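Residues in the sequence shown are numbered consecutively from 1206, following the numbering used here.
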Amino acid sequence: MPDDASRVASDPALRRALLRWYDGHRRALPWRGQRDPYRVWLSEVMLQQTRVATATPYYHAFLERFPTLESLARAREADVLTAWAGLGYYRRARQLREAARLVVREHGGRVPDEPAAFALLPGVGRYTAGAVLSIAFDRPLPVLDGNVARVLSRLRALRATLREPRGARALWALAATLVPARRPGDWNQALMELGATVCTPRAPRCGGCPASRWCSAFALGRVAAFPPVTARRAVEKVRQAVVLIERRGRMLVVRREGPLLAGLWEPPGVELAPRRSARRALDTLLAGLGLRARIAPAGTSIRYAITHRDITAEVWHGVLAAPPPRPARLRWVDPRDPAVALTALAKKVAALRAGA
Ligand code: SF4
């Protein structure tokens, strides 16, 4: 087994071994082999915060709806959000559409292959720039996501994680020194694939790993020590109350605002401070929306999660005492209508309706 010095010096051999393994073992994913920058970009955006199995059907459906960057640039935001509904992190969809519009307006519809120009587009961070430009344009730029960070930390026995700035800087620097001039996109994907399928967080399969000859953590017999464990962000328990108001098969929904779910629709709901009465909070909310309604607990609750928040929503039924006003934020919708972008909570509430 090479010593530490030869391990560092043997990057070309490591690259050859990993690329050979990638050629023979990569999973057949729908975006693999793609050089169309729009498709590569879409897949990279979808795969941020979303697992491959979840993203795959959305990727196909989204491309059917918006097959080109121009079609995405022309689309209404509501239609893009509808195609994204269920994937979460809707800011990604809004920014991708915004970026497509800028590419059409300022770059003649061609995705810029200059890192400085591409990085100026909405939602494009260092990871997305590295992934899209290396895969679609052979630009030798590194990528660093959770999988790659774990692989690099182990390869070099580097006590660094993406969770703290110094570690992130060290890992980006290492990723940049390793990325080759030839096949940089395949190299980046090989690192991601290794992290996803072999060098997994728990029980990495070092025996079958194409990089084991160059892996410092493996040589030291200390794979479990890398990357170092850091404190996870604590899960926050949240109480919420939501009211289901129906009329002739339709459900009253309100347009969400805020950074995560803006533009999506869901039944009126409110977050409850500790010991705050759900009835009082809902009465105040409904009055604020100009609604007069009698409400009663439905006797059930819905549990769901958004990022680090574990949310339990008490469901209430409401009957309007007067027709609702017509502010832009309120709407009657058929929850089965695929053109309506509902939140995950709204879909769960809709499933509770009689006959749903
Ligand atoms: S030898 Fe083990 S720890 Fe090292 S890169 Fe391969 S799977 Fe990861």
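Beta carbons: idealized from backbone N, C-alpha and C, even for Gly. All values derive from a computational prediction rather than experimental measurement.
- For G1468, the secondary structure class from DSSP, reduced to helix, strand or coil, is coil.
- For F1423, the CB falls within less than 6 angstroms of some heavy atom of ligand 1.
- A straight-line Cα-Cα distance of about 6 angstroms links A1288 and F1267.
- When distances are taken from the beta-carbon of A1322 to the heavy atoms of ligand 1, even the shortest one reaches 6 angstroms or more.
- For E1476, the enclosing beta strand (DSSP E) stretches over residues 1474-1477.
- Under the three-pair Cβ rule at 8 angstroms, the stretch 1351-1363 does not count as touching the stretch 1288-1306.
- With respect to the C-alpha of R1407, the residue from A1386, A1526, G1314, N1352 having the closest C-alpha is N1352.
- At the C-beta level, P1472 and V1538 stay beyond 7 angstroms of one another.
- Look at Q1445 here: in three-state DSSP terms it is strand.
- The continuous alpha helix (DSSP H) containing S1421 extends over residues 1421-1425.
- Remark: the shortest separation between the CB of A1354 and any heavy atom of ligand 1 does not fall under 6 angstroms.
- Taken through DSSP and simplified to helix, strand or coil, L1547 comes out as strand.
- Distances from the CA of L1346 to each of A1324, R1364, V1458, W1419 were compared; the closest alpha carbon is that of A1324.
- Check the Cα spacing between A1283 and each of A1429, A1365, R1299, P1385: the tightest is with R1299.
- Non-local C-beta neighbours of A1375 in its own chain, meaning closer than 7 angstroms and more than five positions away in sequence, comprise L1363, A1365, ordered along the chain.
- Per DSSP, the unbroken alpha helix (DSSP H) holding L1301 starts and ends at 1296-1312.
- Residue pairing by DSSP puts H1522 in a beta bridge opposite L1449, A1501.
- Within the model, the alpha-carbon separation for Y1509 versus Q1253 is close to 20 angstroms.
- Taken through DSSP and simplified to helix, strand or coil, L1349 comes out as coil.
- Taking all protein chains in view, the Cβ of S1276 is surrounded by fewer than 16 other Cβ atoms within 10 Å, so the residue is classified as exposed.
- In the same chain as E1441, and ignoring 5 residues on each side of it, the C-beta atoms closer than 8 angstroms to its own belong to H1513, R1514, D1515, in chain order.
- Taking a C-beta distance under 7 angstroms as the contact criterion, V1428 and C1414 do not qualify as a contact pair.
- Following the DSSP letters along the chain, one finds R1410 in no beta strand (DSSP E), marked with neither H nor E.
- Cβ neighbours of H1230 within its own chain (closer than 6 angstroms, five residues either side excluded): none.
- By the beta-carbon neighbour count (other beta carbons within 10 angstroms, threshold 16), T1333 is buried.
- Straight-line spacing of the CA atoms in F1431 and L1396 works out to 16 angstroms.
- Distance from the CA of A1478 to the CA of P1528, rounded to the nearest whole angstrom, comes to 30 angstroms.
- About 6 angstroms separates the beta carbon of R1302 from that of A1280, a gap short enough to meet the 8 angstroms contact definition.
- Closest in alpha carbon position to L1496, among A1518, L1535, G1504, is L1535.
- For T1517, the three-state secondary structure derived from DSSP is strand.
- The C-beta separation of L1223 from L1349 comes to about 16 angstroms, leaving the pair out of contact by the 8 angstroms criterion.
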